[in-house]
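Take a look at the structure below.
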Amino acid sequence: HNAPSPQRTAAATSTAHTRTTVARASPVCRAHALRRVELPSRFHTAPPSEQQPVMVAMSSSAPSARVVKVARESLHVSKPVHWLESRFHFSFSDFIDLNRMNFGALRVLNDDLVKPREGFGAHPHRDAEIFSYVVDGELTHQDSMGNKEALGRGCVQYMSAGKGVVHSEMNDGDSTCRFLQVWLTPDRRGHKPQYGSSVYSKADRHNRLLHILGGTGEPPAWRDVHASECIKLHQDANVYVSELDAGKELHIGLGADRQVYMVVIEGALSANGETLRTRDGAKVVSRAKADGPDDTLVLTAGKDGAHLMLIEMAAGGR
1037 HNAPSPQRTA
1047 AATSTAHTRT
1057 TVARASPVCR
1067 AHALRRVELP
1077 SRFHTAPPSE
1087 QQPVMVAMSS
1097 SAPSARVVKV
1107 ARESLHVSKP
1117 VHWLESRFHF
1127 SFSDFIDLNR
1137 MNFGALRVLN
1147 DDLVKPREGF
1157 GAHPHRDAEI
1167 FSYVVDGELT
1177 HQDSMGNKEA
1187 LGRGCVQYMS
1197 AGKGVVHSEM
1207 NDGDSTCRFL
1217 QVWLTPDRRG
1227 HKPQYGSSVY
1237 SKADRHNRLL
1247 HILGGTGEPP
1257 AWRDVHASEC
1267 IKLHQDANVY
1277 VSELDAGKEL
1287 HIGLGADRQV
1297 YMVVIEGALS
1307 ANGETLRTRD
1317 GAKVVSRAKA
1327 DGPDDTLVLT
1337 AGKDGAHLML
1347 IEMAAGGR
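The sequence shown begins at 1037 in my numbering and counts up one residue at a time.
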């Protein structure tokens, strides 16, 4: 979000699970408030009898996808005001790195920490697919289409800015709000603005992939995916999250001309042998041929488990 300011917005209350608004006012609603829990409680070690791999589109003979680690130490840390600390995976605001302009359609991925009773005041956007995934605390959204909503941990809000929209994102709670702010380039300019949100529990993403955002193309044919009634992006991309217990595995097939950007939100994991820790990212590019087997990406959660996001998309600029 550009031009942050301490402008306040009011939170509101209700309990809808999935909602989409297209350029018109909608009922005020509020997701279930979720209390902050310390890391050791979130990621427990399952008994040995339960530590069976979660298999997703596996193929033991398929080649391994190439994983390029984006270390958390390499992320730009921005502290433009006293209430905000952001980590930029790509160029954003006054931070410009020509080697970090985008990854395919993925243009922005910011890991934001917003102090209580502060936030991003009303500001405009256009021609961007923007979504937020709440990790801790609550995030209150308000926009010029009449939407006002507060969302807690594991919930998703999406806004297609299209021809133009004004919105604010505030932390009206009593604890620090952490959320991932993600922008993708739309498939064309001039879409009608729209807003949508989804409320999830940990059970929805526990030891499996939860499909939180779909796109213009068919999603990957991965097994053991919780396919909810997800919001649709104006782009050929799919977004998944998961919370894995210690030692759990995901085996993911990556087809020709596809790529994935991954973020370890909490905990740690191994990705095809590459160790990734909290706030590390990774670029995964398929080398599969159209007439050959998919490349394989094997994710194994570390001793404290792992909370992760995968953004799967058509191959493009790196």
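Note that beta-carbon positions come from the ideal geometry of N, C-alpha and C, so glycine has one too.
Proximal residues to residue i (C-beta, below 6 Å), its chain only, five neighbours per side dropped
i	result
H1080	Low per-residue confidence applies at H1080: pLDDT is 39, beneath 50, and the placement is therefore not dependable, though the value from the model is reported in the following sentence. Excluding positions up to five away in sequence, the list is empty.
R1313	A1304
A1061	Interpretation of A1061 is limited by its pLDDT of 32, a score under 50 that renders its predicted location unreliable; the figure taken from the coordinates is listed afterwards. Result list for A1061: G1182, in chain order.
A1164	A1197 and W1219
E1302	T1314 and H1343
S1127	D1133, R1136 and M1137
R1162	A1197 and G1200
H1227	S1196, G1198 and H1270
S1114	S1122
H1112	F1124 and F1131
H1262	D1240, R1244 and L1246
S1180	V1201 and V1202
S1085	For S1085, the predicted model reports a pLDDT of 39, less than 50, meaning its position is unreliable; a value from the coordinates is still stated below. Once the five neighbours on either side are set aside, S1085 has no close Cβ partner at all.
Selected residue, minimal CA-CA separation from residue i, among the options
i	options	result
K1339	T1311, A1324 and E1348	T1311
S1233	R1259, L1220, I1267 and W1219	I1267
C1213	L1120, H1112 and V1320	L1120
H1118	L1346, A1292 and E1154	E1154
S1306	L1280, H1159 and A1273	L1280
Distance between residue j and residue i (C-alpha atoms, nearest Å)
i	j	result
L1145	V1300	13 Å
L1333	T1252	23 Å
A1326	A1257	15 Å
F1156	P1116	12 Å
K1184	Q1178	4 Å
A1350	P1222	13 Å
N1135	L1142	14 Å
C1191	V1170	6 Å
L1346	V1104	14 Å
G1209	P1255	36 Å
R1225	G1250	19 Å
Q1230	F1124	25 Å
S1129	G1328	41 Å
G1283	P1152	35 Å
V1275	G1289	15 Å
M1298	I1166	17 Å
Under 9 Å between C-beta atoms of residue i and residue j
i	j	result
S1211	L1187	no
N1243	S1278	yes
G1317	R1108	yes
F1131	K1319	no
M1195	V1150	no
A1341	Q1295	The sequence shown places Gly at residue 1341, not Ala. Against a cut-off of 9 Å, the Cβ pair of Q1295 and G1341 comes out as no contact.
Q1193	L1216	no
H1270	S1204	no
D1147	S1110	no
Spatial neighbours of residue i in its chain, beta-carbon cut-off 7 Å, leaving aside the 5 residues before and after
i	result
K1100	Note on identity: in this sequence residue 1100 is Ser, with Lys being the wrong assignment. Result list for S1100: N1308, D1331 and T1332, in chain order.
A1292	S1322, A1324, K1325 and A1326
A1273	A1141, L1220, G1251, I1347, E1348 and M1349
R1189	L1070, V1170, V1171 and D1172
K1238	G1190 and E1279
V1106	H1125, D1316, G1317, A1318 and K1319
Close-in-space but distant-in-sequence residues of the same chain around residue i (CB under 8 Å, 5 per side omitted)
i	result
S1264	T1054, S1234, Y1236, D1240, L1246, H1247 and I1248
Within-9 Å CB hit, residue i to chain D
i	result
A1292	Of the protein chains in this structure there is only one, and it is not chain D.
Heavy atom of the ligand COA within 8 Å of residue i beta-carbon
i	result
S1264	Annotation note on the ligand COA: not contained in the displayed structure, which lists no ligands.
Whole alpha helix (DSSP H) elements within the stretch 1235-1300, 4-residue minimum: 1238-1241
What ranges does the beta strand (DSSP E) occupy inside the stretch 1293-1354, keeping only unbroken runs of at least 3 residues that lie completely in it? 1294-1307, 1310-1313, 1317-1321 and 1331-1350
At what residue ranges does the stretch 1179-1246 contain a whole run of the alpha helix (DSSP H), taking only runs of 4 or more? 1238-1241
For a minimum of 3 consecutive residues, which ranges assigned as the beta strand (DSSP E) are wholly contained in the stretch 1137-1185? 1142-1150, 1154-1161, 1165-1172 and 1175-1179
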